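S.K.:
In my numbering, the protein residues as written are 656 to 777.
1. Just the Cα atoms here: how many angstroms apart are residue 713 and residue 770?
2. Taking contact to mean 3 or more Cβ pairs, one atom from each stretch, closer than 8 Å, check whether the segment 685 to 701 and the segment 659 to 675 are in contact.
3. Let's see if you can read the secondary structure: which residues bound the alpha helix (DSSP H) around residue 712?
4. DSSP puts residue 738 in a beta bridge; with which residues?
5. Quick one: Cα of residue 701 to Cα of residue 693, how far?
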């Protein structure tokens, strides 16, 4: 089992979903931008961007599994304590005082992936 910690920032506008993967000091390590027509992964000025028809296909190329980025927002705002969708089992482990998820465990069986997301709304 490999354990990796990381931070991310997720923003949505009507035109684009932007997922920034952050360094421990809140610098942007990589940016994924998803529009209705394509997804782009940008790392730095010296590395050419990667393109795919969707965010899921881009993640499959880069990570070997596809996290359903458009439904990530649903996971972050669900009132349920368990959600099964898109091949993922999602459990809300902790909630904020306002009732929003603060710790989420997501598991996919094919391929075998387990994620724990700790959310802070900075």
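Using N, Cα and C, we set each Cβ at its ideal position, and we do this for glycine too. Predicted model, so just to flag it, every value in this text is computed and none were measured.
M.R.: A quick look at the data gives this:
1. 18 Å
2. yes
3. 710 to 718
4. 745
5. 22 Å
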